[in-house]
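Undergrad:
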Amino acid sequence: MTELTATPAASLTWKERARRIDPRYLIAFLITLVLVLAQLRYHIVGGYERLAVALLACTATEALLSWFDRGKVVNLQSAYISGLSLTLLEKPQGAALWPIALGGWLAISSKYVLRYRESHLWNPTNFAIVTLLLVAPEHISVLSHQWGNDLATNLVIWVFGLVIASRVRVLHITLTYVAAFFALNTVRSLMLGQPILPEIAPITGPMYQLFVFFMITDPRTVVRGRRPQMIVAVIIALVEAMIRFASDQAWPLPTAFNAAPPLVALWLVGPVAKWIDLYRAGPRKPVPVPFPEAQATPPLPARGSSPVASGAR
Amino acid sequence: MIAVPFVAAIGLAFRLNSGPIRAPADAANPGFVLHDATKAAGITFVHHRPSFDSKITNVEPHVAALGASVSVTDFDGDGLPDLYFTNSRFGEPNALYRNKGDGTFEDVAASAGVADLNRPGEGVSMGGVWGDFDNDGREDLLVYRYGYLALLKNVDGKRFEDVTQTAGLRRWVNSNGAIWFDYDRDGLLDLYVTAYFRSDIDLWRLTTTRIMHNSFEYADNGGKNLLFHNVGGGKFEDVTDKLGVGSTRWTLAAASADFDEDGWPDLYLANDYGPEELFLNDHGKRFVLVKAGLSSESKSGMSVALGDAFNRGRLDAFVTNISERGYLFQNNNLRLNRLVDAKRFVNVAEGAVADAGWAWGAQFGDLNNDGMNELFVANGFISADSTTSYWYAMSKIAGANGRFFEDAASWPAFGNASLSGYERSRVYLNRGVAGWSDVAERVGATDTYDGRAVAFADLENRGAIDVIVANQNQPATLYRTTPDSANHWVEFHLVGTRSNRSAIGAEVVVESGDLKQRRIVDGGMGFASQNDRRLHFGLGRREWIDRVVIHWPSGTEQVLRHPLIDRLVTVTEPAG
Numbered sequence: 004m005t006e007l008t009a010t011p012a013a014s015l016t017w018k019e020r021a022r023r024i025d026p027r028y029l030i031a032f033l034i035t036l037v038l039v040l041a042q043l044r045y046h047i048v049g050g051y052e053r054l055a056v057a058l059l060a061c062t063a064t065e066a067l068l069s070w071f072d073r074g075k076v077v078n079l080q081s082a083y084i085s086g087l088s089l090t091l092l093e094k095p096q097g098a099a100l101w102p103i104a105l106g107g108w109l110a111i112s113s114k115y116v117l118r119y120r121e122s123h124l125w126n127p128t129n130f131a132i133v134t135l136l137l138v139a140p141e142h143i144s145v146l147s148h149q150w151g152n153d154l155a156t157n158l159v160i161w162v163f164g165l166v167i168a169s170r171v172r173v174l175h176i177t178l179t180y181v182a183a184f185f186a187l188n189t190v191r192s193l194m195l196g197q198p199i200l201p202e203i204a205p206i207t208g209p210m211y212q213l214f215v216f217f218m219i220t221d222p223r224t225v226v227r228g229r230r231p232q233m234i235v236a237v238i239i240a241l242v243e244a245m246i247r248f249a250s251d252q253a254w255p256l257p258t259a260f261n262a263a264p265p266l267v268a269l270w271l272v273g274p275v276a277k278w279i280d281l282y283r284a285g286p287r288k289p290v291p292v293p294f295p296e297a298q299a300t301p302p303l304p305a306r307g308s309s310p311v312a313s314g315a316r
Numbered sequence: 002m003i004a005v006p007f008v009a010a011i012g013l014a015f016r017l018n019s020g021p022i023r024a025p026a027d028a029a030n031p032g033f034v035l036h037d038a039t040k041a042a043g044i045t046f047v048h049h050r051p052s053f054d055s056k057i058t059n060v061e062p063h064v065a066a067l068g069a070s071v072s073v074t075d076f077d078g079d080g081l082p083d084l085y086f087t088n089s090r091f092g093e094p095n096a097l098y099r100n101k102g103d104g105t106f107e108d109v110a111a112s113a114g115v116a117d118l119n120r121p122g123e124g125v126s127m128g129g130v131w132g133d134f135d136n137d138g139r140e141d142l143l144v145y146r147y148g149y150l151a152l153l154k155n156v157d158g159k160r161f162e163d164v165t166q167t168a169g170l171r172r173w174v175n176s177n178g179a180i181w182f183d184y185d186r187d188g189l190l191d192l193y194v195t196a197y198f199r200s201d202i203d204l205w206r207l208t209t210t211r212i213m214h215n216s217f218e219y220a221d222n223g224g225k226n227l228l229f230h231n232v233g234g235g236k237f238e239d240v241t242d243k244l245g246v247g248s249t250r251w252t253l254a255a256a257s258a259d260f261d262e263d264g265w266p267d268l269y270l271a272n273d274y275g276p277e278e279l280f281l282n283d284h285g286k287r288f289v290l291v292k293a294g295l296s297s298e299s300k301s302g303m304s305v306a307l308g309d310a311f312n313r314g315r316l317d318a319f320v321t322n323i324s325e326r327g328y329l330f331q332n333n334n335l336r337l338n339r340l341v342d343a344k345r346f347v348n349v350a351e352g353a354v355a356d357a358g359w360a361w362g363a364q365f366g367d368l369n370n371d372g373m374n375e376l377f378v379a380n381g382f383i384s385a386d387s388t389t390s391y392w393y394a395m396s397k398i399a400g401a402n403g404r405f406f407e408d409a410a411s412w413p414a415f416g417n418a419s420l421s422g423y424e425r426s427r428v429y430l431n432r433g434v435a436g437w438s439d440v441a442e443r444v445g446a447t448d449t450y451d452g453r454a455v456a457f458a459d460l461e462n463r464g465a466i467d468v469i470v471a472n473q474n475q476p477a478t479l480y481r482t483t484p485d486s487a488n489h490w491v492e493f494h495l496v497g498t499r500s501n502r503s504a505i506g507a508e509v510v511v512e513s514g515d516l517k518q519r520r521i522v523d524g525g526m527g528f529a530s531q532n533d534r535r536l537h538f539g540l541g542r543r544e545w546i547d548r549v550v551i552h553w554p555s556g557t558e559q560v561l562r563h564p565l566i567d568r569l570v571t572v573t574e575p576a577g
């Protein structure tokens with residue numbers, strides 16, 4: 004990683020320059036692209052005040068709590084990503100803004116409260132949305148918009164998403180989850196004697212696109228090591244399939260389970276896997292930060308496979 | 002330390018889930034009560050849903066979930082509003098309830114010849130609208146179906162004659178709505194018919210199962226709406242393309258009014274799986290589709306009701322949509338008409354009025370006669386097995402590519418599942434700037450039928466707006482309203498001369514002190530419904546009216562000064 008500062012910038016090719024971009028900016032770029040595209044084409048924001056409140060709640064909470072916790076304000080890019088994710092995924096009843104404001108607070112503050120060995124356990128946006136779905140289902144829904152059910156929009160997001168996931172070195176997580184989703188839901192449909200297509204159709208929906216590119220791959224909450232990451236992705240898909248199986252049987256589950264199976268699966272599996280990973284890693288040691296810009300946020304554990312130092316979303 | 006506000010936030014969300022911390026200062030006394038008078042009135046109508054081709058059995062509960070309608074007219078000219086309900090199963094009759102004037106009704110549909118309209122090869126009824134298309138002083142009936150249109154001429158106030166063929170209206174349209182309006186102001190009522198499924202589809206003899214919408218938000222593969230120009234002599238011509246109003250969105254409801262106050266009636270469409278559409282009338286020569294702030298969000302428009310929401314002297318639009326906890330908050334639209342000053346509608350729906358569940362028909366009306374319009378909203382989609390919901394299955398396909406769910410065969414089987422079933426009606430009390438409060442249970446609207454069409458009428462000419470609801474696959478409901486007796490009111494019965502005789506499209510503005518309210522004589526409004534032709538205004542404690550301005554469809558403006566109140570006033574359009 005030290006070569007990053009060894010070569011004079013002027014002599015770099017554009018490819019090398021692109022490779023040097025902090026992956027966090029790529030992620031921020033992708034989610035901004037998703038939001039702008041979806042808003043321009045499908046007006047998904049549902050009022051710019053929601054976007055403003057989400058961004059304000061996330062960034063203000065991050066600034067406040069980091070200053071309170073560490074004595075300095077950290078880079079707010081993660082909070083920015085959380086704010087956009089929240090805007091995209093959480094849809095409140097009526098014109099209510101409190102679910103957005105509370106969601107922003109819960110997302111960011113969970114990073115400072117739900118911690119183990121100085122690492123947070125939940126993907127912040129995932130934690131906020133599922134928690135709100137569980138405690139306030141009368142006023143929260145997930146992604147009411149479907150972005151036109153348009154293949155072209157899906158393709159744009161998938162192309163950019165795959166390129167960036169590859170660059171951020173989390174593509175294996177995305178692809179493992181997708182493969183597991185197809186396999187497990189095919190099995191489920193066969194077990195239930197239901198047509199396969201409706202069971203695998205959800206993967207083309209916008210909620211899943213956000214899920215596979217922004218949540219399940221969150222470098223700050225994934226476990227260390229390529230193979231464990233893939234195993235966890237499969238477990239998440241498995242738990243999701245189990246939730247769907249229960250929903251198919253009309254078991255009396257909380258609304259969150261029926262409305263957002265992948266989000267609930269990650270909410271259940273993610274922190275357990277992360278906790279086990281941290282426990283096995285033992286007490287934390289400081290490690291070098293691969294990107295100078297990332298130093299404002301806590302560094303990754305020593306054996307982390309991703310070069311991203313802060314991807315909390 | 003941070004954990005305390007963190008946990009508190011979760012607790013706060015939990016608390017807010019059960020309602021606002023400080024209850025709105027509404028409505029301990031809404032000023033009216035509703036009493037279910039269905040049985041006492043002798044209304045025994047039960048709607049029956051259709052059955053279709055077995056190729057779509059898996060989604061039949063969804064496809065067959067429409068057809069309960071109600072429209073109000075005085076077909077026999079006795080000065081009392083009568084009621085027409087449609088049925089939607091082969092062999093099941095429509096009902097025409099003649100108002101006997103003593104609070105009871107009798108079904109005379111069979112003898113009048115408007116009952117037997119649900120027949121194989123002809124289609125099943127989805128609704129009816131009344132208008133005197135030949136200006137002979139008797140209200141005629143257009144029944145729209147999943148099938149052929151049917152125009153029934155009122156012969157003598159007792160019998161109807163099917164004149165569809167000679168009128169040039171024998172067209173197969175899978176329609177859920179139609180309105181009468183005079184778009185070219187020639188004094189003859191024209192007809193706009195909305196189409197839902199494509200018109201080449203015969204739901205009993207399907208050649209393909211690719212009949213569904215191709216998007217949940219921007220579908221444009223529905224049937225083509227049709228505009229028929231009344232050329233006189235009892236004949237109509239199709240001018241859809243010439244006038245530019247052939248939307249192929251999945252239109253569920255249409256309403257007409259002169260929104261931009263240029264003297265020409267415009268068209269407002271509520272489209273399922275798509276954004277609303279506003280067609281502005283360019284001097285009767287063509288219609289221009291304008292954005293007007295309506296295309297900025299796509300929802301599932303189920304009905305459109307026009308009314309003066311906040312006494313601004315303009316007609317605003319209330320469009321119902323779908324909301325379901327956890328899954329979907331499309332939220333209803335209460336769009337304030339600001340076309341004249343800002344060239345757009347502004348959505349101000351928030352709080353209770355934004356979420357009425359899976360909402361269908363709605364109407365504005367002053368139920369307590371206080372001078373402000375209330376809103377009655379019928380809702381609930383499919384009530385079957387209350388322990389099984391189709392929402393989970395719906396969530397699987399809703400995010401998929403449109404090509405997938407356009408094919409009805411791709412949909413998970415409905416079985417006996419409910420989909421937003423057993424929802425109660427909403428009655429929103431208008432508290433002005435303080436918002437709208439749902440007082441349904443408090444005033445007595447407690448049914449949980451699958452409401453579709455809502456119509457308002459003063460059934461006994463007593464200065465109170467009664468509420469009639471047609472429920473899908475269930476009995477109809479009549480709520481008799483008892484408003485605050487201390488409040489005053491006035492009603493106008495308009496008779497056109499240069500305008501169409503039904504005065505459809507006439508807009509009336511009542512001014513009384515600080516009150517200024519506009520109403521329109523509708524030729525169909527809400528979802529599959531039509532209100533009483535006579536316009537009702539509550540006046541509150543005001544004991545006089547300063548003036549009444551009537552904007553007749555012909556362009557004539559008539560001013561009445563200080564008309565008497567607490568009575569029905571008949572006004573005939575000035576001749577010249």
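Quick note, the sequences are listed as chains W and U, same order. Start counting at 1 in the first sequence, then tack on 3, and there's your number in the working numbering. Start counting at 1 in the second sequence, then tack on 1, and there's your number in the working numbering. Think of the CB as a built atom: it goes at the ideal place given N, C-alpha and C, for glycine as much as any other residue. Note that the coordinates shown come from a computational prediction; the quantities given were computed from them, not determined experimentally.
(1) Taking Cβ positions only, does residue 292 of chain W come closer than 8 Å to chain U?
(2) Are the region 149-162 of chain U and the region 498-508 of chain U touching, with three or more C-beta to C-beta distances below 8 Å?
(3) Based on Cα-Cα distance, which residue from U/137, U/102, U/70 lies nearest to residue 81 of chain U?
(4) Mind checking whether residue 36 of chain W and residue 184 of chain W have CB atoms under 8 Å apart?
(5) Measuring only the C-alpha atoms, how far is residue 145 of chain W from residue 329 of chain U?
(6) When you compare each of U/99, U/57, U/48 to residue 90 of chain U by their alpha carbons, which one comes out closest?
(7) Residues of chain W with CB closer than 8 Å to the CB of residue 18 of chain U, please, in chain order.
(8) Using 8 Å as the Cβ pair cut-off and three pairs as the minimum, do the region 76-91 of chain W and the region 236-246 of chain W touch?
(9) Counting C-beta neighbours from all protein chains within 10 Å, is the total for residue 198 of chain U 16 or more, i.e. buried, or is it exposed?
(10) Short of 7 Å in beta carbon distance, which residues of its chain neighbour residue 192 of chain W, apart from the five on each side in sequence? Order them along the chain.
(11) Could you tell me the distance, in whole angstroms, from the CA atom of residue 229 of chain U to the CA atom of residue 145 of chain U?
(12) Under 8 Å: do the region 331-342 of chain U and the region 308-323 of chain U share three or more Cβ pairs, one atom per stretch?
(13) Are residue 480 of chain U and residue 468 of chain U touching if we call contact CB-CB under 8 Å?
(14) Could you tell me which whole beta strand (DSSP E) segments of length 3 or greater appear in the region 31-66 of chain U?
(15) Tell me which same chain residues have a C-beta within less than 6 Å of the C-beta of residue 207 of chain U, skipping the five on either side of it?
(16) With a threshold of 8 Å between beta-carbons, can residue 159 of chain W be considered close to chain U, or not?
(17) Since residue 363 of chain U and residue 455 of chain U are thought to touch, with beta carbons under 8 Å apart, how far apart are those beta carbons, to the nearest angstrom?
(18) Smallest Cα separation from residue 108 of chain W: which of W/128, W/25, W/42, W/123?
(19) Does any residue of chain W have a CB that is nearer than 8 Å to the CB of residue 169 of chain U?
(20) Measure the alpha-carbon distance for residue 186 of chain U versus residue 576 of chain U and round it to whole angstroms.
(21) Between the alpha carbons of residue 169 of chain U and residue 181 of chain U, how many angstroms are there, rounded?
(22) Beta carbon of residue 77 of chain W, beta carbon of residue 4 of chain U: below 8 Å?
(23) Going by the beta-carbon positions, is the gap between residue 494 of chain U and residue 463 of chain U smaller than 8 Å?
(24) Between residue 154 of chain W and residue 215 of chain U, how many whole angstroms is the CB-CB distance? I'm expecting something under 8 Å.
(25) Does the region 30-44 of chain U come into contact with the region 471-480 of chain U, if we say contact requires no fewer than three beta-carbon pairs (one atom in each stretch) closer than 8 Å?
(26) Just to check my reading of the structure: residue 485 of chain U and residue 312 of chain U have Cβ atoms closer than 8 Å, yes? What is that Cβ distance to the nearest angstrom?
(27) Just the Cα atoms here: how many angstroms apart are residue 186 of chain W and residue 248 of chain W?
(28) Roughly how far, in whole angstroms, is the beta-carbon of residue 280 of chain W from the beta-carbon of residue 242 of chain W, given that I think they are within contact range, below 8 Å?
(29) Using 10 angstroms around the beta-carbon of residue 563 of chain U, count the other beta-carbons present and answer buried if the total reaches 16, otherwise exposed.
(30) Could you spell out where the alpha helix (DSSP H) holding residue 257 of chain U opens and where it closes?
(31) If residue 298 of chain U sits next to residue 46 of chain W, beta carbons under 8 Å apart, how far is it from one beta carbon to the other, in whole angstroms?
(32) If you run the structure through DSSP and keep just helix, strand and coil, what is residue 288 of chain U?
(33) Report the partner residues of residue 147 of chain U according to the DSSP bridge assignment.
(34) How is the beta strand (DSSP E) around residue 317 of chain U delimited, first residue to last?
(35) Hey, does residue 129 of chain W have any beta-carbon neighbour from chain U nearer than 8 Å?
(36) Might you give, ordered along the chain, the residues of its own chain that have their beta carbon closer than 6 Å to the beta carbon of residue 222 of chain U, omitting 5 neighbours on each side?
TA: Considering the structure as presented:
(1) Residue 292 of chain W sits at position 289 when you count from the first residue of the first sequence. Because residue 292 of chain W carries a pLDDT of 40, less than 50, the predicted location of this residue cannot be relied on, and the following value inherits that uncertainty. Chain U contact via Cβ: absent.
(2) Remark: fewer than three beta-carbon pairs, one from each stretch, lie closer than 8 Å, so the region 149-162 of chain U and the region 498-508 of chain U are not flagged as touching.
(3) Sequence index remark: in the second sequence, residue 81 of chain U carries index 80 (1-based). The residue with the shortest Cα to Cα distance from residue 81 of chain U is U/102.
(4) The residue labelled residue 36 of chain W in the question sits at position 33 within the first sequence. The residue labelled residue 184 of chain W in the question sits at position 181 within the first sequence. When the beta-carbon positions are compared, residue 36 of chain W and residue 184 of chain W stay at least 8 Å from each other.
(5) By one-based count along the first sequence, residue 145 of chain W stands at place 142. By one-based count along the second sequence, residue 329 of chain U stands at place 328. Each residue's alpha carbon lies about 7 Å from the other.
(6) Numbered from its first residue, the second sequence carries residue 90 of chain U at position 89. Checking every option, the nearest Cα to that of residue 90 of chain U belongs to U/48.
(7) Numbered from its first residue, the second sequence carries residue 18 of chain U at position 17. Going along chain W in sequence order, the residues near residue 18 of chain U (Cβ under 8 Å) are 138, 139, 140, 141, 142.
(8) Taking 8 Å as the limit for Cβ pairs, the verdict is that the region 236-246 of chain W does not touch the region 76-91 of chain W.
(9) Counting from 1 along the second sequence, the entry for residue 198 of chain U is found at position 197. Residue 198 of chain U is buried by the Cβ-count criterion.
(10) Locating residue 192 of chain W in the first sequence gives position 189, counting from the first residue. Apart from sequence neighbours up to five positions away, the residues of its chain that approach residue 192 of chain W with a beta-carbon distance below 7 Å are 198, 199, 202, ordered along the chain.
(11) Numbered from 1 along the second sequence, position 228 holds the residue referred to as residue 229 of chain U. Numbered from 1 along the second sequence, position 144 holds the residue referred to as residue 145 of chain U. Those two C-alpha atoms are separated by around 13 Å.
(12) Contact between the region 331-342 of chain U and the region 308-323 of chain U is present, because at least three Cβ pairs lie under 8 Å.
(13) Walking along the second sequence from the start, residue 480 of chain U turns up at place 479. Walking along the second sequence from the start, residue 468 of chain U turns up at place 467. Yes, they are a contact pair.
(14) Here the runs fully enclosed are 33-37.
(15) The residue given as residue 207 of chain U occupies position 206 in the second sequence. Residues 54, 56 of the same chain have their beta carbon placed closer than 6 Å to that of residue 207 of chain U, with the five preceding and five following residues left out of the count.
(16) The count along the first sequence starts at 1 and reaches residue 159 of chain W at position 156. So, not an interface residue.
(17) The sequence position of residue 363 of chain U within the second sequence is 362, counting from 1. The sequence position of residue 455 of chain U within the second sequence is 454, counting from 1. Separation of the CB atoms of residue 363 of chain U and residue 455 of chain U is rounded to 6 Å, and the pair is thereby assigned contact status at 8 Å.
(18) Numbered from its first residue, the first sequence carries residue 108 of chain W at position 105. When only C-alpha atoms are compared, the closest one is W/128.
(19) Residue mapping note: residue 169 of chain U aligns to position 168 of the second sequence, counting from 1. Under the Cβ distance rule, residue 169 of chain U does not count among the residues neighbouring chain W, no pair being separated by less than 8 Å.
(20) By 1-based counting over the second sequence, the position of residue 186 of chain U is 185. By 1-based counting over the second sequence, the position of residue 576 of chain U is 575. The straight-line gap separating the alpha-carbon atoms of residue 186 of chain U and residue 576 of chain U is approximately 15 Å.
(21) As a working note, residue 169 of chain U is residue 168 in the second sequence. As a working note, residue 181 of chain U is residue 180 in the second sequence. One C-alpha to the other measures close to 16 Å.
(22) On the first sequence, residue 77 of chain W is found 74 positions in, with the first residue counted as 1. On the second sequence, residue 4 of chain U is found 3 positions in, with the first residue counted as 1. For residue 77 of chain W and residue 4 of chain U, no; Cβs fall outside 8 Å.
(23) By 1-based counting over the second sequence, the position of residue 494 of chain U is 493. By 1-based counting over the second sequence, the position of residue 463 of chain U is 462. Judged by beta-carbon spacing, residue 463 of chain U lies beyond the 8 Å limit of residue 494 of chain U, meaning their Cβ atoms are not closer than that value.
(24) Residue numbering aside, residue 154 of chain W sits at position 151 when the first sequence is read from its first letter. Residue numbering aside, residue 215 of chain U sits at position 214 when the second sequence is read from its first letter. Incorrect: roughly 11 Å between the Cβ atoms, too far for contact.
(25) Contact between the region 30-44 of chain U and the region 471-480 of chain U is present: three or more C-beta pairs spanning the two stretches fall below 8 Å.
(26) As a first step, residue 485 of chain U is located in the second sequence; it is residue number 484 there, counting from the start. As a first step, residue 312 of chain U is located in the second sequence; it is residue number 311 there, counting from the start. The beta-carbon distance between residue 485 of chain U and residue 312 of chain U, rounded to whole angstroms, is 18 Å. This is too long to meet the 8 Å contact definition.
(27) Numbered from 1 along the first sequence, position 183 holds the residue referred to as residue 186 of chain W. Numbered from 1 along the first sequence, position 245 holds the residue referred to as residue 248 of chain W. Cα to Cα, the separation comes out at about 14 Å.
(28) Position 277 of the first sequence, counted from the start, is the residue given in the question as residue 280 of chain W. Position 239 of the first sequence, counted from the start, is the residue given in the question as residue 242 of chain W. About 17 Å separates the CB atoms of residue 280 of chain W and residue 242 of chain W; that is not less than 8 Å, and the two are not in contact.
(29) As a first step, residue 563 of chain U is located in the second sequence; it is residue number 562 there, counting from the start. The C-beta of residue 563 of chain U has fewer than 16 other C-beta atoms within 10 Å across all chains shown, which makes the residue exposed.
(30) Sequence index remark: in the second sequence, residue 257 of chain U carries index 256 (1-based). Premise fails: residue 257 of chain U lies in the beta strand (DSSP E), 251-258, not in any alpha helix (DSSP H).
(31) Residue numbering aside, residue 298 of chain U sits at position 297 when the second sequence is read from its first letter. Residue numbering aside, residue 46 of chain W sits at position 43 when the first sequence is read from its first letter. At roughly 5 Å, the Cβ-Cβ gap stays under 8 Å, so residue 298 of chain U and residue 46 of chain W are in contact.
(32) Reading the second sequence from its first residue, position 287 is the one you call residue 288 of chain U. Reduced to three states, the DSSP call for residue 288 of chain U is strand.
(33) Here residue 147 of chain U refers to the residue found at position 146 of the second sequence. Beta-bridge pairing by DSSP links residue 147 of chain U to U/125, U/175.
(34) Residue 317 of chain U sits at position 316 when you count from the first residue of the second sequence. According to the DSSP assignment, residue 317 of chain U belongs to the beta strand (DSSP E) that extends over 317-320.
(35) As a position in the first sequence, residue 129 of chain W is number 126, starting the count at 1. Output row for residue 129 of chain W: interface = no.
(36) For the purposes of this step, residue 222 of chain U is identified with residue 221 of the second sequence, where counting begins at 1. Cβ within range, chain order: 215.
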